[in-house]
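Below: the structure, in structure tokens.
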């Protein structure tokens, strides 16, 4: 069955979390604090690039958060796969306020979590609320929907990508971080397809880390 000439062409998107950062390795709350990749993080990105190259995967464009851990991951992939790369702050990690840069153990002493975390209040006094993050994720998803038909790679962060998946399936976040959680491992990627003719999203695979089997 052939596609009608007037039927819009679907697009495919890869949502990718960055490789391991020094903040990850040190068990820090990162948020929008800037941390580079570790040697392992570089190896993870290189392994992914080689895996996709061997499979002949190509992209029309790559979009990345400008934070170093995402930027460095994106540059490794962009160079190996020969794809144009743009940066957009809409793909940055959640602003986690006064938690940024604190070790997990340190944060428990300095900023102990409240018994109840509301949906609409800033995290750690000055950060984005869960609802604000959800709205930003929805705006980012809307930007993807407006791109010309093609294959696109997005390099971002676990917190934001979790909310992108919420927006994609139409599930609003819940207070106290209850509800579904779409985990993204370091260089774990999710492949999704958007069909503009039916205004539908299809999740093809989630958090694929098969390229890390030898690391």
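Residue numbers (our numbering): -6 to 208. Don't be surprised by glycine CBs; every beta carbon is placed ideally from N, CA and C. Quantities reported herein were computed from a predicted structural model and do not represent experimental measurements.
query, result
"Residue 6 versus 146, 155 and 201, residue with shortest Cα-Cα distance", "146"
"Beta-carbon proximity of residue 136 to residue 83, cut-off 8 Å", "yes"
"Cβ separation of residue 126 and residue 87, assumed to be a contact under 8 Å, to the nearest whole Å", "5 Å"
"Boundaries of the beta strand (DSSP E) in which residue 93 is found, first to last residue", "Here residue 93 belongs to no beta strand (DSSP E), and DSSP marks it neither H nor E."
"Where the beta strand (DSSP E) through residue 126 begins and ends", "From DSSP, residue 126 is part of no beta strand (DSSP E) but of the alpha helix (DSSP H) over 123 to 138."
"Residue 54, DSSP secondary structure in three states", "strand"
"Residue from 16, 31, 42 and 17 whose Cα sits closest to the Cα of residue 203", "42"
"Residues of its chain near residue 120, where Cβ-Cβ distance is below 6 Å and the 5 sequence neighbours each way are ignored", "88, 89 and 90"
"Sequence-distant residues of its chain with Cβ nearer than 6 Å to residue 201 (five each side left out)", "182"
"Segment limits, beta strand (DSSP E) that includes residue 176", "Per DSSP, residue 176 belongs to no beta strand (DSSP E) and is neither H nor E."
"Chain-order list of residues whose beta-carbon lies under 7 Å from that of residue -6 (same chain, five-residue window excluded)", "Its pLDDT being 44, under 50, residue -6 is placed unreliably by the model, and nothing is read from it."
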